[in-house]
Structure formats: C-alpha cells, structure tokens
Amino acid sequence: ATDSPGLRPGLSQPFGPAWSWPSAPDEAFKDGKLAQQAVERLDALADGQSPFFLAVGFFLPHLPFYAPQKYWDLFDPKTLPVHPVDAGLPIDAPDFAGSKWGELRAYSDIQETGPLTSEQARTMVHGYYASVAFADAQLGKVLDVLDRRKLWDRTIVVLWGDHGWHLGDHGLWCKHTNFEHAAHNPVIICAPGKSRGVQTGALIETVDLYPTLCALAGIAPAQGLPGKVLTPILDDPTASVQDAVFHLFPRYVGNEEGLGRAVRTQRYRYVEWRAWSDNRLVAQELYDYQLDPAETRNIAGHPENAALVKSLSARIAALGSAKPQVVAGTAIGEDQASKSAKDKKKGK
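Counting in the working numbering, the sequence shown runs from 333 upward without gaps.
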C-alpha cells in the first residue's frame, strides 16, 4: 500500500520514515480503502431488516504520518503551535514519569537519543494535523451514508480514540505516560433523541461505553463489568455520573518494574507510583489544572496539599492492590528497550 513505511535493512530502527506526503488518492491508503469497505458494508446492512453493529477502526493519526499531500497542504506549518524542543518534565516530577518515546524512535529518520530538532518537531505537528484531516475526511464518507440512507433516527454513532497524544509538551512525543495529553482521549456520542452539537465537562472512562451502548440499544449488559451508563449526560450535558476517573501506566520505577495509578477529578490528577515486588510507594504526583493547566509543577510534596494527597490516595487504594500485567515478557511495554539494556548489564 502507498502508506506502508516498509523495512530499511541495515538500520537499527525497524521502520521507514515517520512521515510522508505522496501525491496519491485517498483510496491508495489503508484508511481510504477502509472507508470504501465501510461504506459498502453500511449500505448492505441498511438494506436488511436486522439490527447491526459495525466497528470501523481508522489507523491515522497513529504513526507513521502518511497522508496524501492535499491534506498536508491544508495547513501552513509556520502557523502551527510547536512546543520548545527542550521542554522538560514538570518541576519536581519523578524522572521516570515521562517516556523515551521509543515508538517514534523506531523510525529511520528519527535519532535514537536526544530531542527532536526544531524542524523535526514542526514537521511532526504538521503531520499530525494532516493525518487528523485525512482521517476526518474518511469518517465523513462513512457518515454520508447515514445521510443518504436516512439512518440517523435509528442509529447510534460513537467516535472515540483509546488514548491521547503528546506533541512535544514536556518534551514528549507519542503516548505511554500518565500526563494529561496522553490520558485524555476523544469521545463523541450521537444517539437518537439525545442532545446534539454540545460539549460536556463530565468525567467519563472508556469502560463506560459498553453499558451506555447497551442502554441506548435496549440490551441487557453482561453482569460484573465496570462502567457507568452515560445517558444522563447525553440528556443533559451539565449532568455528571461520577466525580473521578482512573487510569494507569506501567513503568520501571528506579531499577524495578512498577505501576503508576492515577485518579483524575475535575480539578486534580494524583498519580501514585508503586513497585510490583512489595507494593512500596516510590513517588507521588499531584497537578492542579485550575491553577496550572499546563501541568508545569508537581505539588504532591507541598505540605498544604497533604490532606488532599491522602484523600486521593485513598481513592486509588479502594481499587485494591495493583497487579502486574499477565503477558509474556516485560510488563513495561514501551520501555522494553530499557529492560533489554539492563538485562545485558546483568549478563542475561
């Protein structure tokens, strides 16, 4: 396919360039092909009499940023917001709270160590904007079928991504952190008879989507699964169904495997890092998004926040003890390279 990065023999990085803008039609790219197939399937399903569920998973704006040139041409790179390439982690944040953005470093035109150059950073931001525009155009082709077949009054549509994305904030790229830009993901829900074209500040989790879809479709959900029904928010965007949400990411905490578990309220995010081996508390983070929306300083150690930290820590403790992932190999995922380096030092 046109958007296949390919392999580059002889290079330590396994992938080709991190971005490209070939002059090719949408249908030459995997997301363009996917949109075509989704349109065909949706048309066929619309002809039937049975209820249906159609999942359409677009690849972009995931790396690599391969999109037709016309989508790159929509944006003047000189006008796009770009963080300083030497931006660092929040003041007083533990050094392991960030990431080495190994996902990006796997591409052949990205250096294996050190920050991006200013030119690389601007191209990355440009590529992200172009990729979002391309994905949006493909989504539009699918939604056009709902217009053409007059399906909106009996169809539920959910647009969501499973994570956010660092674009140079804190000197980070990709995801793999517990910071706001990695943990805050997009969700749009459109359902017959519910509010449309409005935003909400309500806190939700991705585990809420399953019971919400069941409720909207009149289906009894499986028992014993987490998640809140979000229909009150769909009826009234000022409503709320929970006062806190949770997320986590595994990491090496010092020289051993551990986990950072976080609770996010309307105002604060508190992150608690513990070692797998003995559940030992290694580090804490607290960010106040009312006074510090850019997440510039970890205030967990400030004496005036002791009661707040204790309260938020109790919210995490109520979830039960953290358990390692049950997967082959390391539980660290993105930090596999770091683990391999440590193993070599140990003679493994």
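All residues carry an ideal CB built from backbone N, CA and C; glycine is no exception.
As the structure is a computational prediction, the values presented were derived from the model and not from experiment.
Original post:
Given D620, which residues of its chain have a CB within under 8 Å of its CB, disregarding the five upstream and five downstream residues?
Top reply: Non-local beta-carbon contacts of D620 in its own chain, meaning distances under 8 Å to residues more than five positions away in sequence, involve R599, Y600 and I631 in chain order.
Original post:
Are the Cβ atoms of S440 and F581 separated by less than 8 Å?
Top reply: No. Outside cutoff.
Original post:
Where do the ends of the beta strand (DSSP E) carrying A639 lie?
Top reply: Counting along the chain, A639 falls outside any beta strand (DSSP E), though it belongs to the alpha helix (DSSP H) covering A638 to A649.
**OP:** From the DSSP output, read off the bridge partner residues of I712.
**Re:** The chain is shown only over 333 to 680; residue 712 falls outside these bounds and no answer can be derived.
**OP:** Would you check if the region 586 to 600 and the region 544 to 561 touch, i.e. whether three or more CB-CB distances between them fall below 8 Å?
**Re:** Two segments are said to touch when three or more pairs of C-beta atoms, one from each, lie closer than 8 Å; by this definition the region 544 to 561 does not touch the region 586 to 600.
Subject >> Neighbour-count burial assignment, V585, 16 or more Cβ in a 10 Å radius >> reply: Classification of V585: buried, given that the 10 Å Cβ count is 16 or more.
**OP:** Below 8 Å on the Cβ atoms is my guess for W497 versus M456; work out the distance and round it to an integer in Å.
**Re:** Between W497 and M456, the beta carbon gap of about 10 Å keeps them out of contact (Cβ cut-off 8 Å).
Original post:
If you pair each beta-carbon of the region 418 to 426 with each one of the region 610 to 628, do three or more pairs fall below 8 Å?
Top reply: Taking 8 Å as the limit for Cβ pairs, the verdict is that the region 610 to 628 does touch the region 418 to 426.
**OP:** Output yes or no for whether 8 Å exceeds the beta carbon distance between Q531 and P564.
**Re:** Cβ atoms of Q531 and P564: not closer than 8 Å.
**OP:** Report the three-state DSSP secondary structure of G590 (helix, strand or coil).
**Re:** If DSSP states are grouped into helix, strand and coil, G590 belongs with the strands.
Original post:
Per DSSP, D620 forms a beta bridge with which residues?
Top reply: Bridge partners of D620: Y600.
Original post:
Span of the alpha helix (DSSP H) holding L386?
Top reply: Per DSSP, L386 is not a residue of any alpha helix (DSSP H), being assigned neither H nor E.
Subject >> Cα-Cα separation, V489 to E359 >> reply: So the two alpha carbons sit approximately 23 Å from each other.
Original post:
Rounded C-beta distance between A552 and G500? I'm assuming under 8 Å.
Top reply: A552 to G500, Cβ: 46 Å. No contact.
Original post:
Helix or strand or just coil, what does DSSP make of I565?
Top reply: In the structure shown, I565 sits in a helix (DSSP, three-state: H, G or I).
Original post:
What residues are listed by DSSP as bridge partners for F581?
Top reply: In the DSSP secondary-structure assignment, F581 is bridged to G592.
Subject >> Range of the contiguous alpha helix (DSSP H) that encloses H458 >> reply: Taken as a continuous stretch (DSSP letters only), the alpha helix (DSSP H) holding H458 covers S450 to R480.
**OP:** Give the straight-line distance between the Cα atoms of Y542 and V561, rounded to the nearest whole angstrom.
**Re:** Distance between the alpha carbons of Y542 and V561: 8 Å.
**OP:** Rounded to whole angstroms, what's the CA-CA distance from L374 to C546? Just pull it up for me.
**Re:** Inter-residue distance for L374 and C546 is about 20 Å (C-alpha atoms, whole angstroms).
Original post:
Quick one: what does DSSP say R437 is sitting in, helix, strand or coil?
Top reply: If DSSP states are grouped into helix, strand and coil, R437 belongs with the helices.
Original post:
From what residue to what residue does the alpha helix (DSSP H) around K365 run?
Top reply: DSSP places K365 inside the alpha helix (DSSP H), whose first and last residues are K362 to D379.
**OP:** For P409, I'd like the list of residues in its chain whose CB is within less than 6 Å of its CB, leaving aside the five on either flank, ordered along the chain.
**Re:** Its chain contains R454 and H458 as the residues whose beta carbon lies nearer than 6 Å to that of P409, once the 5 sequence neighbours on both sides are disregarded; these appear in chain order.
**OP:** Kindly identify the DSSP beta-bridge partner or partners of W505.
**Re:** BP columns for W505 point to L499.
Subject >> I423 - partner residues in DSSP beta bridges >> reply: Answer by DSSP bridge pairing, in chain order: R629.
**OP:** Could you please give the first and the last residue of the uninterrupted alpha helix (DSSP H) stretch that includes H415?
**Re:** Per DSSP, H415 belongs to no alpha helix (DSSP H) and is neither H nor E.
Original post:
Using the C-alpha atoms, what's the distance from V577 back to G550?
Top reply: Roughly 26 Å between the two C-alpha positions.
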